[in-house]
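Working notes, structure below.
In the working numbering, the protein residues as written are 83 to 295.
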């Protein structure tokens with residue numbers, strides 16, 4: 083898995099899209115790591131594209147894309163993924179994905195004994211830590227020092243003592259530039275712990291109930 087440092091050495095300018103939180107964050111990064119960032123509180127279908135338009139770069143000149151594929155706002159993440167699929171259809175360029183929780187974890191000063199979590203609904207939690215990466219666990223399995231990104235929604239009550247930490251991508255990326263955070267993806271989409279399964283349905287012709295003669 084490449085680091086940001088690796089990407090910038092061979093794929094710059096790099097356009098970063100992060101719509102995992104309610105605050106849309108997009109930035110263009112030069113080979114030397116210098117960057118220009120825009121953000122928006124508007125809904126993803128508006129805020130993402132307005133922020134990209136405000137950057138001092140033409141999409142045609144972007145060498146590669148990086149985006150957060152989750153956990154986070156599924157609507158925001160899929161809006162970013164849709165844009166990337168369209169832009170890479172018009173001009174083929176590499177796309178790299180990173181995890182919001184991994185980014186936060188690697189940016190922590192004291193991370194070795196910390197788990198970074200976010201709500202996965204139905205009393206489940208996304209958890210990232212060094213020992214097992216990104217997994218989904220029940221609330222009872224959360225222990226030790228816990229942190230969660232600011233702005234991420236939670237439907238279940240946060241565990242006692244959990245620390246809210248800033249989710250500012252412009253600050254986190256320079257602090258994690260040498261961490262192996264990125265994965266090359268062919269078809270950008272929201273992260274899933276497992277692929278959805280579907281039940282086979284056999285259609286039947288509806289018939290009126292039989293009546294006794």
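All residues carry an ideal CB built from backbone N, CA and C; glycine is no exception. Bear in mind the structure is a predicted one, so any value in this text is a computation, not a measurement.
What is the DSSP secondary structure of residue i, counted as helix, strand or coil?
| i | result |
| --- | --- |
| residue 237 | coil |
| residue 231 | strand |
| residue 92 | helix |
| residue 251 | helix |
| residue 215 | strand |
| residue 204 | coil |
| residue 101 | coil |
| residue 175 | coil |
| residue 144 | coil |
| residue 155 | coil |
| residue 195 | coil |
| residue 139 | coil |
| residue 296 | Given that the chain is displayed from residue 83 to residue 295, the structure contains no residue 296 and the question cannot be resolved. |
| residue 162 | helix |
| residue 220 | strand |
Relative to the alpha-carbon of residue i, which residue among the options has its alpha-carbon at the smallest distance?
| i | options | result |
| --- | --- | --- |
| residue 83 | 274, 204, 261 and 106 | 261 |
| residue 229 | 269, 102, 200 and 213 | 200 |
| residue 136 | 118, 268, 125 and 150 | 118 |
| residue 85 | 265, 274, 270 and 273 | 265 |
| residue 241 | 150, 256, 208 and 186 | 208 |
| residue 158 | 121, 104, 258 and 248 | 104 |
| residue 263 | 185, 246 and 203 | 185 |
| residue 120 | 223, 108 and 165 | 108 |
| residue 116 | 248, 239 and 255 | 255 |
| residue 123 | 233, 221, 138 and 164 | 233 |
| residue 102 | 274, 259 and 249 | 249 |
| residue 245 | 197, 90, 112 and 164 | 197 |
| residue 127 | 222, 94, 170 and 99 | 99 |
From what residue to what residue does the alpha helix (DSSP H) around residue i run?
| i | result |
| --- | --- |
| residue 133 | 126-136 |
| residue 189 | 182-189 |
Ends of the beta strand (DSSP E) at residue i?
| i | result |
| --- | --- |
| residue 265 | 265-267 |
| residue 226 | It is not in any beta strand (DSSP E) - residue 226 carries neither H nor E in the DSSP assignment. |
Tell me, to the nearest whole angstrom, how far the beta carbon of residue i is from that of residue j; I am working on the premise that it is less than 8 Å.
| i | j | result |
| --- | --- | --- |
| residue 217 | residue 206 | With 8 Å as the limit, residue 217 and residue 206 do not qualify as a contact, their Cβ atoms being about 10 Å apart. |
| residue 106 | residue 133 | 6 Å |
| residue 183 | residue 153 | 6 Å |
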